[in-house]
Amino acid sequence: MTERLLVIGGDAAGMSAAAEARRRLPASELDVIAYERGGYTSYSACGLPYLVADRIHDPRDLVARTPEEHRANGIGMRTRHEVVSVDTQERAITVRDLEAGSERREHFDALVIATGAVPVRPKLPGVDTDGVHGIQTITDGVALRDHVSSHRHANQRAVVVGAGYIGLEMAEALHQRGMPVTVVEGAAQPMSTLDPDMGALVGDAVRSLGIELRTSTKVVGFEADGNGHVRAVVTEDGTLPADVVVLGIGVRPNVALARDAGIAIGDKGGIATDARMTTSVDGVWAAGDCIETHHRVTGSPALVALGTHANKQGRVAGENATGGDATFAGVIGTATTKVCAYEIGRTGLTEREASEARFDYVTARIESTTRAHYYPGSQPITVKVVVQRGSGRLLGAQIIGKEGAAKRIDVLATAIWAEMTVDEVAQLDLGYAPPFSPVWDPVLIAARKAAHLV
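When you read off a place in the sequence shown, starting at 1, and then add 56, the result is the number in the numbering used here.
(1) Which partner residues does MET133 have in the DSSP bridge list?
(2) If you follow the beta strand (DSSP E) that GLU511 is in, where does it begin and where does it stop?
(3) According to DSSP, PRO498 sits in a beta bridge with which residue or residues?
(4) Please state whether DSSP places LEU257 in a helix, a strand or coil.
(5) Inspect the CB distances between the region 236 to 253 and the region 423 to 437 and report whether three or more fall short of 8 Å.
(6) So, is PRO246 buried or exposed, given that buried needs 16 or more other C-beta atoms within 10 angstroms?
(7) When the Cα atoms are used, what is the spatial distance from GLN145 to ASP479?
(8) What's the C-alpha gap between HIS203 and GLY187?
(9) Go ahead and pull the three-state DSSP assignment for THR438.
(10) Between which two residues does the alpha helix (DSSP H) containing ALA471 stretch?
(11) Using a 10 Å radius around the Cβ and a threshold of 16 neighbouring Cβ atoms, would you call LYS274 buried or exposed?
(12) Tell me which residues share the same chain as GLY139 and place their Cβ nearer than 6 Å to its Cβ, disregarding the 5 neighbours each side in the sequence.
(13) What is the DSSP secondary structure of ALA128, counted as helix, strand or coil?
(14) Is the beta carbon of ALA298 closer than 7 Å to that of VAL311?
(15) Count the other CB atoms, across all protein chains shown, that sit within 10 Å of the CB of GLN369; report buried if there are 16 or more and exposed otherwise.
(16) Exposed or buried, what is GLN483 when buried is set at 16 or more other beta-carbons lying within 10 Å of its beta-carbon?
(17) Checking 7 Å against the spacing of the C-beta atoms, do GLY404 and ILE465 come in under that value?
(18) Once you ignore the five residues that flank ILE267 on each side, which residues in its own chain have a CB closer than 7 Å to its CB?
(19) Rounded to a whole number of angstroms, what is the C-alpha to C-alpha distance between ALA342 and GLU125?
(20) I'd like the ranges of any beta strand (DSSP E) spanning at least 3 consecutive residues and lying wholly in the region 322 to 356.
(21) Note the first and the last residue of the continuous beta strand (DSSP E) segment covering HIS163.
(22) Counting pairs of beta carbons, one from the region 354 to 369 and one from the region 310 to 324, are three or more of them closer than 8 Å?
(23) Hey, out of LYS458, ALA317 and ALA229, whose CA is closest to ARG111's CA?
(24) Could you tell me which whole alpha helix (DSSP H) segments of length 4 or greater appear in the region 244 to 310?
(25) What's the call for THR354, buried or exposed, on a 16-neighbour Cβ count within 10 Å?
(26) Do ARG79 and GLY130 count as a contact pair if the criterion is CB distance below 7 Å?
(27) Leaving out five residues on either side along the sequence, give the residues of the same chain with a beta carbon under 7 Å from the beta carbon of MET476.
(28) Can you check DSSP and say which residues form a bridge with ALA77?
(29) Is it the case that the region 178 to 186 contacts the region 150 to 169, given that we only count it when at least three CB pairs across the two stretches are under 8 Å?
(30) One question on the structure: do MET254 and GLN435 come within less than 7 Å of each other, judged by their Cβ atoms?
(31) Between VAL442 and GLU407, what straight-line distance do the alpha-carbon atoms span, to the nearest angstrom?
(32) Mind checking ASP87: buried by the 16 CB within 10 Å criterion, or exposed?
(33) Rounded C-beta distance between ALA69 and ALA328? I'm assuming under 8 Å.
(34) Please state whether the Cβ-Cβ distance between THR383 and ALA331 is less than 7 Å.
(35) What's the gap between the Cα of GLY374 and the Cα of VAL174?
(36) In chain order, what are the residue ranges of uninterrupted alpha helix (DSSP H) at least 4 long that sit wholly in the region 168 to 224?
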């Protein structure tokens, strides 16, 4: 008898799981059916700021695999279908056809939950006013881009709430659309995933672009005009005029389905999984932004919402749901972003995270250039490393600079993954030529400086 694997979620983790399962077993042995409440599948949410900026004109360019392509590959792809409940006792789901308005139950032999994350939307007065946008899906990106285009006027102003990755990328997108932009952040510095001294560099970079950045500022509500359209963001320090507002406060794991089904939720708020992506319920796997995963440096559960991990976790879940024995090796929190000309990278632990994990540590910070100082186009770069005192083990790193800066974080991420010491990092045989690096690459300079401190 043919068994059934059902997948909830049609983006990175879900479709990686479905595709891996389909590769491993033919349709004669396994039905693979995936449910997605939206109209797009396998798309790059990371590309949404460039869609809003109108640098990417066609939203379909962000799609890696369409529903039709998944169907052609033997996956029963059901778009505009929302799974509303999971019954782990009866091994069935209830799914709502959003086009027809009907519901039905579907049984499963194996289930992969890949429900992703949902944007944080604070319960503040006026948050549902027209013109206040969250940004997560292609539909969200198209709606924001169209809103900006349809409300064009000489004094159009944008306010972005939150100065993390999403907020700053959206501020750049709106800035590139020619709008005056104000970013409001409750913390003292932007980019809470960086140390304050490095976050301050990001703040300086943002302001140098002509984007107004207000830190230590709490938003308390939103005001609408007589037509129900947003006209202002209300903060504890005053009111900011706004024709469009973007909420860039971050995301949280979308675990409602799993929680209601009795599947264990971890201390960090994501679905609890092991290295095989198994949950607390036999025959149910989970992957992607909805789960907690293992942090290789702290040894503790972590929430890291990135498509890179989601794809890997999905493949592990798909293999194991079809009788395999794959594992996911964990995360170290590597991430990069770009704000106009400025590149930002981070990996491993910040000082705060190292303290919380009870590491005794030292830090080293250096300033250098992305190329030989005499070569045309050389740009400044700042590198900071966090190192375990005594052992010299590299725990974390942060980089801020212009062109050629951010991807250097990959060298340090590899070193952290391999548990290398800064002495070992300083001896790495890295490529050198004046168009690409000084003779001592900035990551080697930072490691060498740290080695003298441990």
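Beta carbons are placed, not taken as given, at the ideal position from N, Cα and C, and that holds for glycine. Here the structure is a predicted model, which means the values were calculated and not measured.
In short:
(1) ALA90
(2) Outside the shown range of the chain, which is 57 to 510, sits residue 511, and nothing can be said about it.
(3) DSSP output for PRO498 lists no bridge partner at all.
(4) helix
(5) no
(6) buried
(7) 55 Å
(8) 7 Å
(9) strand
(10) 465 to 473
(11) exposed
(12) Checking the sequence, you will find Val at residue 139 rather than Gly. ILE64, TYR91, ILE149 and VAL151.
(13) helix
(14) no
(15) buried
(16) exposed
(17) no
(18) ALA227, HIS231, VAL237 and VAL239
(19) 23 Å
(20) 340 to 342
(21) 158 to 163
(22) yes
(23) ALA229
(24) 252 to 264
(25) buried
(26) no
(27) LEU450
(28) According to DSSP, which records beta bridges pairwise, ALA77 is partnered with nothing at all.
(29) no
(30) no
(31) 7 Å
(32) buried
(33) Not really, about 16 Å apart at Cβ, beyond 8 Å.
(34) yes
(35) 23 Å
(36) 194 to 206
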